[in-house]
Every structure is written in structure tokens, then in C-alpha cells.
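Enquirer: My questions all concern the structure below.
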Amino acid sequence: MMTNKQTSAGTGPFEARLAGNLDELKWLYCELYHNDAEAFDRFLEMLRRSYDQRKAALRAQDEARTADPSWYRARDILGMMLYVNAFAGTLKGVEGKLDYIRECGVNYLHLMPLLESPKGRSDGGYAVSDFRAVQPDLGTMADLEHLADACRAEGVRLCLDFVMNHTSEDHAWAKKARAGEPGYRERYFFYDSWDIPREFEKTVPQVFPTTAPGSFTWLEDCKQVVMTNFYPYQWDLNYANPVVFNDMTENLLFLANRGIDVIRLDAIPYIWKELGTACRNLPQVHTLSRMLRLAVETVCPGVLLLGEVVMEPVKVAPYFGTTEKPECHMLYNVTTMATTWHTLATGDASLLKRQMEAVCALPGEFLFLNYLRCHDDIGWGLDYPWLRERFGADEVAHKKYLNDYFTGKWPGSPARGELYNDDPRLGDARLCGTTASLCGLEAADGEEDPVKVEQAVSCDLTLHAFMLSQSGIPVLYSGDEVGQFNDCAYHDDPEKREDSRYLHRGAFRWDLAERRKDPETYQGKLFLGLRRLEEIRAGEPCFDQGAEAWVEESGDRRVLALCRRQGDRELVCLYNFSREFVTAGVQRPGSYTELMYGQKYDGIGQVTLYPCGFAWLLRD
Numbered sequence: 005m006m007t008n009k010q011t012s013a014g015t016g017p018f019e020a021r022l023a024g025n026l027d028e029l030k031w032l033y034c035e036l037y038h039n040d041a042e043a044f045d046r047f048l049e050m051l052r053r054s055y056d057q058r059k060a061a062l063r064a065q066d067e068a069r070t071a072d073p074s075w076y077r078a079r080d081i082l083g084m085m086l087y088v089n090a091f092a093g094t095l096k097g098v099e100g101k102l103d104y105i106r107e108c109g110v111n112y113l114h115l116m117p118l119l120e121s122p123k124g125r126s127d128g129g130y131a132v133s134d135f136r137a138v139q140p141d142l143g144t145m146a147d148l149e150h151l152a153d154a155c156r157a158e159g160v161r162l163c164l165d166f167v168m169n170h171t172s173e174d175h176a177w178a179k180k181a182r183a184g185e186p187g188y189r190e191r192y193f194f195y196d197s198w199d200i201p202r203e204f205e206k207t208v209p210q211v212f213p214t215t216a217p218g219s220f221t222w223l224e225d226c227k228q229v230v231m232t233n234f235y236p237y238q239w240d241l242n243y244a245n246p247v248v249f250n251d252m253t254e255n256l257l258f259l260a261n262r263g264i265d266v267i268r269l270d271a272i273p274y275i276w277k278e279l280g281t282a283c284r285n286l287p288q289v290h291t292l293s294r295m296l297r298l299a300v301e302t303v304c305p306g307v308l309l310l311g312e313v314v315m316e317p318v319k320v321a322p323y324f325g326t327t328e329k330p331e332c333h334m335l336y337n338v339t340t341m342a343t344t345w346h347t348l349a350t351g352d353a354s355l356l357k358r359q360m361e362a363v364c365a366l367p368g369e370f371l372f373l374n375y376l377r378c379h380d381d382i383g384w385g386l387d388y389p390w391l392r393e394r395f396g397a398d399e400v401a402h403k404k405y406l407n408d409y410f411t412g413k414w415p416g417s418p419a420r421g422e423l424y425n426d427d428p429r430l431g432d433a434r435l436c437g438t439t440a441s442l443c444g445l446e447a448a449d450g451e452e453d454p455v456k457v458e459q460a461v462s463c464d465l466t467l468h469a470f471m472l473s474q475s476g477i478p479v480l481y482s483g484d485e486v487g488q489f490n491d492c493a494y495h496d497d498p499e500k501r502e503d504s505r506y507l508h509r510g511a512f513r514w515d516l517a518e519r520r521k522d523p524e525t526y527q528g529k530l531f532l533g534l535r536r537l538e539e540i541r542a543g544e545p546c547f548d549q550g551a552e553a554w555v556e557e558s559g560d561r562r563v564l565a566l567c568r569r570q571g572d573r574e575l576v577c578l579y580n581f582s583r584e585f586v587t588a589g590v591q592r593p594g595s596y597t598e599l600m601y602g603q604k605y606d607g608i609g610q611v612t613l614y615p616c617g618f619a620w621l622l623r624d
């Protein structure tokens, strides 16, 4: 093996980091890949090559961030996710809008998938045909690197998706595999018949049972069956082949070397396949994610890994790894997001309280990304056993109620959304829509009812206040800062009409953004209200990542009481999820000041909250 040469080639930062990580990296790699010394040597050579390609400015940033390992845990970090084409047309267009992004208070920018993918078979950019090329209509890789440089100069961290589980069928590897070129079918899961695929499908859940049923696709031209867990044009990669891991790690490091600060690991629980299992969350996944972490720490330690793990907190937490052997730096708080919308529909905060108790009990070093909406649908992955035990709720009936409520079918509901992957047999449809439309602002504006508009704005701000009060990094979805509505135009686009997620992926309304400073408009009320909340959060030590957080009884199950403490400072956050005036609180003596509106309280046991309203109460 080349281990000795690799570690003795110099005494610089790379060599020092590699030496510190080598024993564990070698042990994990050789255990997973059956002592394949040649493959491991190639892996080490790739790490060295990737470091050599890292430019001086990024190496300097690595050293600065290594000296301050908590740099990404500051309470003033505010994220935003956006599609380049929807927001500003091109990467150069986004660079030209950095002033607006900074005006929003954003210093963490997640660009949705932008790597090359086939038109009409892109799955929104998640079917990558070239990991080292940008979609031509968005710009070039040089444009991406230039944008990253500009973001770094403005103090904005840049996040980019890395699709690990699969490639497009148009990727060079897939084309060679299809043609039977030696060594390439081994990068995927190819079979001569349906015998083994049918055995897999006995235990593997379907990702899209309505729009893309099954987990395999027959290729007529080469008479082969290939694994396609997502869509037929997305071929699952075989990470049991060390060549796949080596090359995909190099692709990840290539993006890091373009100046990307955060790499989002898409669908990471899926990446290891084993017959007779669900092919989800297998132990080998954690071996791979740990090796990725070691590779990043060796080559570019200023870069973070963000895991996309769409499960409840107990199943999400293992992807953080351990204190001694960490994996992902950050994970999405998916279940809290879904439970928040459930709470709005039911007006009952009991399940959300239970959810927050679980989150608050996790180790403080675990860092979640919190959000209300994103590019994806809302799946109703709730705690149904508890709902059944506590309220007698039937899972299918409850999902139907939630979907009826948020699509405006339920009597009195102001929400306007659409369903995604609707399967009437299972009652398992997911929900699409923008925050404003789901909060009732679209319907209120259409009715030209100023009272309903105010109520919808209040609801929208309350949900954002709740998101901002959770531990972790809050992330806005582009357009939410100005209350952008659903974009129903996708129904007229033959390339989009079958995917209702495009409902909330519409072009950014710059005409609406022009009204963001006018407090007489709903755009101004939302924009200025959010900025006020974000500024309070950035300035208040109780919102520190390391602050103590817990929930208490509010005296009314319509109201969630989330408390935070840092030193001798204590903050009580009350959220009314009902559409009624409610008086609730926690039993605390002494005086408190409401941070958003400045109201004074002598004791906070009886605080009157507006319908879908909130209070941030700081002890004087």
C-alpha cells in the first residue's frame, strides 16, 4: 500500500490531518471493501490530488474555521433556499442579487440542484448526468465558482446538493454500462432477469408508488433489469463497489474546491443495498458517511456535510454519529416541520409538545436545520401510535383530514394547496404549497378581505417565529419573505404538470418584492415582521445554540410553551395554533417584556394571544 509514502510526502496541513485520520480511515475502508489495498491506495491518491487542487483562499478559510470549530453555530446565521432559474435566471443573475439576499439578513444560501441533468427527465435536478458541469441554461462551473467567491466576500456560506444515491441514465457511467463496457455495469445494480429484483421488492418500500411504482426498470435495448428506487431514469449506484465510493467522493471534493461551504447529502439513508432488507439506514451507510466526514476533514476541513434524512428525530440522530466519531455536521428537522403543519390544521399543540420534548432531549451538539417549507412536499410522517392512543385517531383518516384541510376542501379552511403522489388506496398523499398559501393568505387576498389578510399574515409570522425559536439554523424558502403564493402555471407545462411540487417552485415575484418596505402591504408586513424577528434572534443570547431549551405546560392544549435559558436570561415563547383568542401561559413571577411588540407583563400565567398569534417573553 502507499500509506507510508502518503504520510511522509510532506509535513503540511494535509499531511498532518491525513496522519491523524489514517488509521481509522484504513480500518473502515478495508473492513467495508474486504481489504482491497489497491482501491484504498487509489482513494488516498485521490485525497492528495483533491487537496493539491484546492486554491489558496479556500485553504486559508479551512485554517480559520479549524481554529474556530463553532463557526457555523452562531445564532445570527439565517439560511435561504432557492432555485437559480426561478430566483434570478442564471448564476450570474444570483450574484447580481446578492444585495437583496443580504438585505433579507441571509448569510447561508442553499442553491437547489443545478448540475447538468436531462431536460424532461431531471426530477427537478436530482437526476445528475454530470457532477462536474452546471446546467447550461444556468451558466458554467466557472460562474458557480465566481458566485462562491462573491458570497465568501459578503460573508455568505454557499450550500449545494450532492446526489449520492443515483445518477441519471444519461450519465457517462450509465451510458457505458448500457453499452456493456467492462467495469461499468458493476457501478449499478444490473440483472439478467427479474429473479433477484423481485426478491428485493419483497422488502424494499416504494418511494413513489403512484408516479414511479416498483424499484427496478427493464431496459429493452440491452435486455437488462436495473435498480431504480426513485424514477426509471435514475439508476441506483452500487457502493459495495469501491470504485463508486472513490469516484463519488472525488466528485464531492470537486464541488468543495469550487468554493461550496456546505454539501447536502441527498437521500443518504438509501445508499447501501442489501437483499432481504428495506435498503434503508443499514450499518454500512454510517461507515460510508463516516469515511466521507474523514475525507472532508482531511482535504477541506472548512466544509460541512448536511444530511437529508427524512425520519423522526430518534432515527435521524444516528446520522450525527458520536462525539468521538462524527458523521454529518447538520441534519434536517423534518418531523418538526410536518408536525407544525399538523398542529395548525388541528389547533392542538399536544403532538408538537411531545415532538419538541424529544428534540430538546437530544445532545446540545446536534445541529438541526429548521424550516417551514422547502422545494419538496410535506409528508405526514407523524407519531400515529401516540395519536391513536391519545385521541383515537386513525392514520388513514387523519392523513385525509390534513390533506383536505390544506387543499381547502375542509369546511372553513383558508388553506390552498395541492396533493402529490395521491394514492387513494393508502391515503398517503403528500402536500404541496407555499407557506403563504397554506396559511390562508392566497385565499384572503383573492377575497379582498382585509381582516382575513391580517389573520393570514399573523399565522405566517407565528409559524416563522416558532421556527426561529428552535435550536439550530433557521432556513427560509425563497419567496416566503414576501408571502409568495402558489404558482398554478405549472399545470400548463407538459414537462412539469405531472409533478405538483412545481406549485411552490414558481418564479420569484420581483414585483411583489418591490413592496417589501411598505408596511401597508402584506408583503411589507411579512418582510419587515420577519426581519424584526430575525434581528431579535441574532441579538438575544437565549437563542444561542448552546442555550438550554425545554417545553412546559401552557394551561391550554392549543398553546405551545417553548422556554430557553442562557445564564441568568430566560425567554418564554408562547404559540397559539388555534384561530381563536386564547389566554394561557406559564407560572412565573416577576416582570417580563414581549420582545416583538414591547408589551410589559407582571407575571406570565395569563397572557392573551391573538388567533394564530405568539409572544416572545423575556424576563426583566
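For the record, in the sequence shown the residue sitting at position 145 is 149 according to my numbering, with numbers rising by one throughout. We put the beta carbon where it would ideally sit given N, CA and C, even for glycine.
On the CB-based measure, 16 or more other CB atoms within 10 Å of its CB, does residue 508 come out buried or exposed?
Expert: Working through the sequence shown from its first residue, we reach residue 508 at position 504. So residue 508 counts as buried.
Enquirer: Under a Cβ-count criterion, where at least 16 other Cβ atoms within 10 Å of its own Cβ denotes burial, should residue 490 be classed as buried or exposed?
Expert: Locating residue 490 in the sequence shown gives position 486, counting from the first residue. Result: buried.
Enquirer: In chain order, what residues of the same chain lie with their CB nearer than 8 Å to the CB of residue 110, ignoring the 5 residues before and after it?
Expert: On the sequence shown, residue 110 is found 106 positions in, with the first residue counted as 1. 82, 83, 84, 160, 480, listed in sequence order.
Enquirer: Suppose contacts are defined by Cβ-Cβ distances below 7 Å. Is residue 76 in contact with residue 173 by that definition?
Expert: For this step, residue 76 is matched to residue 72 along the sequence shown. For this step, residue 173 is matched to residue 169 along the sequence shown. Going by C-beta atoms, residue 76 is not nearer than 7 Å to residue 173.
Enquirer: To which residues does DSSP link residue 216 through a beta bridge?
Expert: One-based indexing of the sequence shown puts residue 216 at position 212. Paired residue(s): 212.
Enquirer: Is residue 197 helix, strand or coil by DSSP?
Expert: In the sequence shown, residue 197 corresponds to position 193, counting from 1. Three-state DSSP puts residue 197 in coil, outside helix and strand.
Enquirer: Along the alpha helix (DSSP H) that carries residue 600, what are the first and last residues, could you check?
Expert: In the sequence shown, the residue the question calls residue 600 occupies position 596. No alpha helix (DSSP H) contains residue 600, which DSSP labels as neither H nor E.
Enquirer: Quick one: residues in its chain with C-beta nearer than 6 Å to the C-beta of residue 8, no 5 flanking neighbours on either side, listed in chain order?
Expert: Stepping through the sequence shown from its first residue, residue 8 is reached at position 4. Caution applies to residue 8, whose pLDDT of 42 falls short of 50 and renders its modelled position unreliable; the value that the coordinates give is listed next. Counting only Cβ-Cβ distances below 6 Å, and skipping sequence neighbours, we find nothing.
Enquirer: Apart from the five residues on each side of it in sequence, which residues of its chain come closer than 6 Å, Cβ to Cβ, to residue 69?
Expert: To locate residue 69, count along the sequence shown from 1; it is residue 65. Same-chain partners within the cutoff: 75, 306.
Enquirer: On the three-state DSSP scale, how would you describe residue 36?
Expert: Taking the sequence shown and counting its residues from 1, one reaches residue 36 at position 32. The answer is helix: DSSP assigns residue 36 an H, G or I state.
Enquirer: What is the DSSP secondary structure of residue 12, reduced to helix, strand or coil?
Expert: Translated into the one-based positions of the sequence shown, residue 12 becomes position 8. With a pLDDT of only 45 at residue 12, under 50, the local geometry of the prediction cannot be trusted, and the value read off the model is given with reservation. Three-state result, residue 12: helix.
Enquirer: At what residues does the alpha helix (DSSP H) containing residue 580 begin and finish?
Expert: The count along the sequence shown starts at 1 and reaches residue 580 at position 576. Note, residue 580: premise wrong, no alpha helix (DSSP H); beta strand (DSSP E) at 573-580.
Enquirer: Run through the segment 423-484 for me and flag every whole beta strand (DSSP E) of 3 or more residues, listed as ranges in chain order.
Expert: Those beta strand (DSSP E) runs which fall completely within the segment 423-484 and span 3+ residues are 434-436, 477-481.
Enquirer: Which one or two residues does DSSP pair with residue 171 in a beta bridge?
Expert: Within the sequence shown, residue 171 is the residue found at index 167, counting from 1. DSSP output for residue 171 lists 239 as bridge partner(s).
Enquirer: In angstroms, rounded to a whole number, what distance separates the CA positions of residue 12 and residue 59?
Expert: Residue 12 sits at position 8 when you count from the first residue of the sequence shown. Residue 59 sits at position 55 when you count from the first residue of the sequence shown. Low confidence applies to residue 12: its pLDDT is 45, below 50, so where it sits in the model is not reliable, and the reading given next is rough at best. Distance between the alpha carbons of residue 12 and residue 59: 22 Å.
Enquirer: According to DSSP, residue 231 sits in a beta bridge with which residue or residues?
Expert: Against the sequence shown, residue 231 aligns to sequence position 227. Residue 231 pairs with 220.
Enquirer: Give the secondary structure of residue 6 by DSSP, where H, G and I count as helix, E and B as strand, and everything else as coil.
Expert: Locating residue 6 in the sequence shown gives position 2, where the first residue counts as 1. In this prediction, residue 6 has a pLDDT of 45, which is less than 50 and means its spatial position is unreliable; what the coordinates show is noted afterwards. Coil, per DSSP.
Enquirer: Alpha carbon to alpha carbon, what distance is there between residue 523 and residue 532?
Expert: Here residue 532 refers to the residue found at position 528 of the sequence shown. Here residue 523 refers to the residue found at position 519 of the sequence shown. C-alpha separation (whole angstroms): 7 Å.
Enquirer: With the cut-off set at 7 Å, would you say residue 257 and residue 168 are in Cβ contact?
Expert: Residue mapping note: residue 257 aligns to position 253 of the sequence shown, counting from 1. Residue mapping note: residue 168 aligns to position 164 of the sequence shown, counting from 1. Going by C-beta atoms, residue 257 is not nearer than 7 Å to residue 168.
Enquirer: Who are the Cβ neighbours of residue 6 in its own chain at under 8 Å, not counting the five residues just before and after it?
Expert: Taking the sequence shown and counting its residues from 1, one reaches residue 6 at position 2. Unreliable placement is indicated for residue 6, whose pLDDT of 45 sits below 50; the coordinate value is still reported in the next sentence. Hits under 8 Å: 45, 48, 49.
Enquirer: Three-state secondary structure (DSSP) at residue 202?
Expert: Within the sequence shown, residue 202 is the residue found at index 198, counting from 1. In this structure, residue 202 counts as helix in the three-state DSSP scheme.
Enquirer: Tell me which residues share the same chain as residue 250 and place their Cβ nearer than 8 Å to its Cβ, disregarding the 5 neighbours each side in the sequence.
Expert: As a position in the sequence shown, residue 250 is number 246, starting the count at 1. For residue 250, where only same-chain residues beyond five positions count, the Cβ hits under 8 Å are 43, 46, 47, 50.
Enquirer: Quick check: what's the CA-CA separation for residue 373 versus residue 336?
Expert: Against the sequence shown, residue 373 aligns to sequence position 369. Against the sequence shown, residue 336 aligns to sequence position 332. Their backbone Cα atoms lie some 5 Å apart in a straight line.
Enquirer: Around the C-beta of residue 575, are 16 or more other C-beta atoms found within 10 angstroms, so that it is buried, or is it exposed?
Expert: Along the sequence shown, one-based indexing puts residue 575 at 571. Buried, by the Cβ-count rule.
Enquirer: Between residue 314 and the rest of its own chain, which residues show a CB-CB distance below 6 Å, the 5 nearest in sequence each way excluded?
Expert: Locating residue 314 in the sequence shown gives position 310, counting from the first residue. Here the set comprises 338.
Enquirer: Of the choices 498, 451, 271, whose alpha-carbon is the least far from that of residue 241?
Expert: As a working note, residue 241 is residue 237 in the sequence shown. For residue 241, the nearest C-alpha among the options comes from 271.
Enquirer: Please name the residue or residues paired with residue 374 in a DSSP beta bridge.
Expert: Taking the first residue of the sequence shown as position 1, residue 374 is located at position 370. Residue 374 is bridged to 478.
Enquirer: Compute the minimum distance between the beta carbon of residue 385 and the heavy atoms of the ligand PLP, and state whether it is under 6 Å.
Expert: The model depicted lacks the ligand PLP and carries no ligand whatsoever.
Enquirer: For a test of the three-state rule: what should DSSP assign to residue 315, helix, strand or coil?
Expert: As a working note, residue 315 is residue 311 in the sequence shown. Looking at residue 315 - three-state DSSP - the assignment turns out to be coil, as it is neither helix nor strand.
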